[in-house]
Structure formats: C-alpha cells, structure tokens
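Take the first sequence: its position 303, counting from 1, is numbered 318 in the working numbering, and each next residue is one higher.
Backbone N, C-alpha and C define an ideal beta-carbon position, used for all residues, glycine too.
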Amino acid sequence: MFPTVNEQMDLIKRGVSEIIPEDDLVRKIERSIKSNKPLRVKLGCDPSRPDLHLGHSVVLRKLRQFQDLGHQAILIIGDFTGMIGDPSGKSKTRPSLTLEETRRNGQSYFEQATRILSTTNIRMQYNSEWLGKMSFADVIVLAGKYTVARMLERDDFTERYKAGESIGIHEFLYPLAQAMDSVAIEADIELGGTDQKFNLLVGRDIQREYGLEPQVILTMPILVGTDGAEKMSKSLDNYIGISDPPKEMYGKTLRIPDELIYPYFELTTDVSHKELAEVKQQLSDRSVNPRDLKRKLARTLVTMYHNAEAARKAEEEFDRIFVQKDVPVEMEVFPLQIQNGGTALISLLTEAQLVSSRSEARRLIDQGGVSIDGEKVTDANAPLPTKKEFILKVGKRKFLKVVRP
RNA sequence: GGGCAGGUAGCGAAGCGGUCAAACGCAUCAGACUGUAAAUCUGACGGCUUAUGCCUUCGGAGGUUCGAAUCCUUCCCUGCCCA
Numbered sequence: 016m017f018p019t020v021n022e023q024m025d026l027i028k029r030g031v032s033e034i035i036p037e038d039d040l041v042r043k044i045e046r047s048i049k050s051n052k053p054l055r056v057k058l059g060c061d062p063s064r065p066d067l068h069l070g071h072s073v074v075l076r077k078l079r080q081f082q083d084l085g086h087q088a089i090l091i092i093g094d095f096t097g098m099i100g101d102p103s104g105k106s107k108t109r110p111s112l113t114l115e116e117t118r119r120n121g122q123s124y125f126e127q128a129t130r131i132l133s134t135t136n137i138r139m140q141y142n143s144e145w146l147g148k149m150s151f152a153d154v155i156v157l158a159g160k161y162t163v164a165r166m167l168e169r170d171d172f173t174e175r176y177k178a179g180e181s182i183g184i185h186e187f188l189y190p191l192a193q194a195m196d197s198v199a200i201e202a203d204i205e206l207g208g209t210d211q212k213f214n215l216l217v218g219r220d221i222q223r224e225y226g227l228e229p230q231v232i233l234t235m236p237i238l239v240g241t242d243g244a245e246k247m248s249k250s251l252d253n254y255i256g257i258s259d260p261p262k263e264m265y266g267k268t269l270r271i272p273d274e275l276i277y278p279y280f281e282l283t284t285d286v287s288h289k290e291l292a293e294v295k296q297q298l299s300d301r302s303v304n305p306r307d308l309k310r311k312l313a314r315t316l317v318t319m320y321h322n323a324e325a326a327r328k329a330e331e332e333f334d335r336i337f338v339q340k341d342v343p344v345e346m347e348v349f350p351l352q353i354q355n356g357g358t359a360l361i362s363l364l365t366e367a368q369l370v371s372s373r374s375e376a377r378r379l380i381d382q383g384g385v386s387i388d389g390e391k392v393t394d395a396n397a398p399l400p401t402k403k404e405f406i407l408k409v410g411k412r413k414f415l416k417v418v419r420p
C-alpha cells in the first residue's frame, strides 16, 4: 500500500530545508509501512489572514506529497489564539476574532488549501477544542515545562530582547500552545517554514513531557515575496495569491525580479529536477532571455491554479497591454455622471476610486500618469472628452472604460 | 516602589519656541530607460474647488505664549537601571 522507505524519503526530502531528526523520520516511515498505518502530518494555520498565497503553497505542497504517499494530513486552525487576539510584534492589538469569524476563516482556509491538498486523507481541527478547555492550573503546569532561557533562544526573542523591545508574556505561551496541538493530535510530523523551527522544536519537547513520541519536524524554505526582499506576505503586498485571477497572477509573476525565477520554479511548481537544472543553467549562462523563463513560470503557475487555456489568454492579454501598448480586451465600465466645471477629470478619478484623494489625482496628472484614449493628459482642469465613451488609463495598469449616459 | 531614557508621517530617524505639513534614509507611487525585471535618472509622497491660501497632524487631555512638535501640568504607553 505504501511506497518503499527510499521512495518516500526521496520525495519528502525534495526542496526541504531541514528534517530533524532524519533517522527518526525513516523509523516512523518503516513502522508505518509495517503496521500499514499512515503517519499523522500536522500543519498549523493562522486563521486571521485567510488569503493563501504562493508562500503558503510551499508548505502545503509538501503536505500534499505526504498525502500522495498515503499519509494523513491534519490542518490545525489556530482559532484559539485568534479569539484572544495576538498583539505581538508591531501590529496594534488586533481585534479579537469572534468564534464565528474564526470558523468562517477556517472554512475559507480549508477551501483554498484544497486547491493544493487532496480532500481524501485530510482532517481539519480547531485548536480551541483542546486549548479552550485548559484551566489556568493546566497552563501553569504547561508553562513549568519550559524555561525562560530556552524561550530566549528563539532568534526573534533574542533580538528583540537585546534591542530593548517589549516581549509579552503571552508570546512565550504561543509556542507552548502550538506544542499542545501536537500533543492533542499526537502528531508524527509537523511541517512549517524555517521561521517556525523553534516552535516546532518546542513541540517535540512538550510531547515528550506528556509521554508521547516526539514529532519529526520538517521545515521548508521561506518564499521571498515579489519585491525580492521580504518574506511573501499579504500585509507587505508582495504576494501572488493562489486565488488571484489569471491575468493578475500572470502579471505579478512577470514582474518579479530575475533572482526569484529559480526559487519560484523550485518551490512553487512541479517542474522536474531536469527542467530545474535547465533553468538554472539558462539563467547562469544567459542563453535564454530571463523574460522568457519568467513567462514560462507565469504560464506554469496560472495553469496550476486555473488551467492552460486561462494561462494562454493571460499571456495574450499581457502582451496586448504591455508589449503592444494596447488596451485590455475587457475592462471595467464606469458610467459617467453629469458633471460640470473643469475639474471633472479629478472627480472622475476619485469617484471611480482609481486614486485615494483629489490631491493624488492632481499629482498623477501633473506627472503624466493619466491618459485618455492614449493621449497623456497634462492639464488637470482640461474638460473631459464629449464623446460617448473613452478609455482612461491611470498609472501603469489601471484601465477604465468611461461611458456617458 | 525609586531613578533614567523615550513615544514625530507606512517604517527608521532629525527637529527642542516662530522661517515646520515637519530635514534625511527606506518603502511606495508616477515619468524616462527596459524585458511592466534589475540598476540608474527625474519628480511626487497629510487633506482641500492648486492656492506665494485654508484645514488637520508630531502618544492623550489641559495650560503658558502674539505664536508650541518644541515650555509647564497631568494621564497613557515602552525600554533600561536600582529595590
């Protein structure tokens, strides 16, 4: 029923950053084969930001591989911490989510995750189920199993401590809470990004404390965002969402810096070892225009999350707009209200929400960022064309078809 | 509980009675160049019917002053040291 140990390890090791400890993993797999029992592979999810992007896909894809090998995927929705509200770091005390909201987000997370995961051997659990039942005494007992010194080993704690920044006591509790998830579901393996390494390791210690066999931890590289600098995240707006419409997904991909072409191929697509090596070669000897590799990457991604036809169309549209400098085939239509005065263009820009303030509209016009039917508008007070409809372009890629009633 | 140092625009960080909507850097946006890449250059970067004009901002609330981000009072928040 299960592939052999070697076959399994071969697939599992692909693209991972670390497996700790590797021989324990081998042992667990051997035992799973012998007893014909799937391993429980855990992945924790944060329900406060339910929009999944390629960054999440890296670890989800790894989880999918475990499923394909016949193992059991367990998604833990961290609704408990979501309900408390996590004021850690810079983010001002995040309003706590209600139970309803966490459920809704959890559901949405699940739906998106199953664009990558198989729905057959998957389980989703909310951690409030067990964390919510713990008494204060239970928490103190749990807290007693770890020490401040060990907590401070975590990189970001060390740094913040040295820098004299605040660290809330509850922040020490989160790794422990996460560890309790592993205890509750008796995880065999826990996946996470490399930035999760510490938390995952705490899980091992705490499982041991509760008399369980420690989980094997498996970390995946962190995907750099489209800005080429920071970790991909929605709040930094440097992400490619797995639910992004084809055109957007294609466009965003083509806009990534060249250095990301290889890592993106490696971490977010299924291309074979051979193709990967080829890409690497082509990038280093410049035998292929990096743009073409990027186009291939973009097509691959759109095909994965949509389909080949969508990818073809997205590429066509992209070329149309940016290579031929033409306008999109379809664009949003804005019915023009009756306006008077010479500032109608500014009003139009704000009303259509293409800019956030009138000052911004003026600024854009002054800088040549606005055009009507391909003609740059330089005078903010120029009247709008009187024709029945015209095309407004704002910035590099915002188009609007304006029609008169 | 005591002492000290801080809280300035998305972030970092100047300013310490008028010339401050607030230097500078980063991020961002627009333009040029390109492969809508990178790098580079130019400009913008609180809001308003664009105006050598007005309005709202420098943790909160009061106060002193012709005038406050800058001085005083008080409150809140953060860090460090001592207990």
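Exposure label - residue i; buried when at least 16 CB within 10 Å
i    : result
D307 : exposed
T421 : Outside the modelled stretch of the chain, which goes from 16 to 420, sits residue 421, for which no answer is possible.
P398 : exposed
A152 : exposed
A376 : buried
E180 : exposed
P420 : exposed
K177 : exposed
A194 : buried
M16  : exposed
Element boundaries [beta strand (DSSP E), containing residue i]
i    : result
M16  : Careful: M16 lies outside any beta strand (DSSP E) and carries neither H nor E.
R55  : 55-60
S197 : It is not in any beta strand (DSSP E) - S197 instead sits in the alpha helix (DSSP H) that spans 184-200.
F405 : 404-409
R301 : R301 -> no beta strand (DSSP E), and no H or E assigned at all.
L67  : Premise fails: L67 is in no beta strand (DSSP E) and is neither H nor E.
T234 : 231-235
E330 : Run containing E330: none in the beta strand (DSSP E); it sits in the alpha helix (DSSP H), 323-333.
E205 : 204-208
P350 : 348-350
Q339 : It is not in any beta strand (DSSP E) - Q339 carries neither H nor E in the DSSP assignment.
Inter-residue Cα distance where the pair is residue i and residue j
i    : j    : result
I155 : N214 : 19 Å
G104 : E33  : Only weak support exists for where G104 lies, its pLDDT of 41 falling under 50; the value from the coordinates is given anyway. Their backbone Cα atoms lie some 26 Å apart in a straight line.
N120 : V392 : 44 Å
T108 : I182 : In this prediction, T108 scores a pLDDT of 43, lower than 50, which makes its location untrustworthy; no coordinate-derived value is stated.
L269 : K311 : 9 Å
F333 : L379 : 23 Å
L360 : E347 : 17 Å
K246 : L316 : 19 Å
I92  : R223 : 23 Å
I184 : V41  : 37 Å
D341 : V303 : 26 Å
V338 : M264 : 17 Å
G357 : P343 : Low local confidence applies: a pLDDT of 45 at G357 is under 50, so the model's placement there is unreliable, and no value is given.
E228 : R219 : 8 Å
L26  : T135 : 20 Å
Q296 : L282 : 17 Å
L78  : L58  : 8 Å
D83  : E331 : 34 Å
Closest Cα partner of residue i within the set the options
i    : options                : result
P190 : L146, H288, L90        : L146
D170 : T365, T209, N253       : T209
K249 : D25, S63, T401, I380   : S63
E345 : V417, T318, V338, A202 : V417
H321 : D83, I361, Q127        : Q127
I48  : I27, S133, L75, V20    : V20
A202 : M16, Y225, F187, E186  : Y225
G383 : G410, E404, K403       : G410
F81  : K160, E205, S123       : E205
A199 : Y141, L233, L167       : Y141
D196 : V73, F125, I276, C60   : C60
I336 : R118, P236, G266       : G266
Residue i: first and last residue of the uninterrupted alpha helix (DSSP H) it sits in
i    : result
R138 : Element bounds for R138: not the alpha helix (DSSP H) but the beta strand (DSSP E), 137-141.
K49  : 37-50
K177 : 170-177
L363 : 359-366
Check: residue i C-beta below 7 Å from any heavy atom of the ligand ATP
i    : result
L275 : No copy of the ligand ATP occurs in the structure displayed, which carries no ligand at all.
Item to check | Contact between the region 64-71 and the region 249-260 (3+ Cβ pairs under 8 Å) | outcome: With the cut-off at 8 Å, the region 64-71 and the region 249-260 touch.
Checklist entry - Looking at C-beta atoms only, is the number of pairs between the region 48-60 and the region 85-98 that lie closer than 8 Å three or more? => result Touching, per the Cβ criterion.
Next on the checklist: So, does the region 325-335 touch the region 276-288, judging by three or more C-beta pairs under 8 Å?
Outcome noted: Per the Cβ contact rule, the region 325-335 is not in contact with the region 276-288 (fewer than 3 Cβ pairs under 8 Å).
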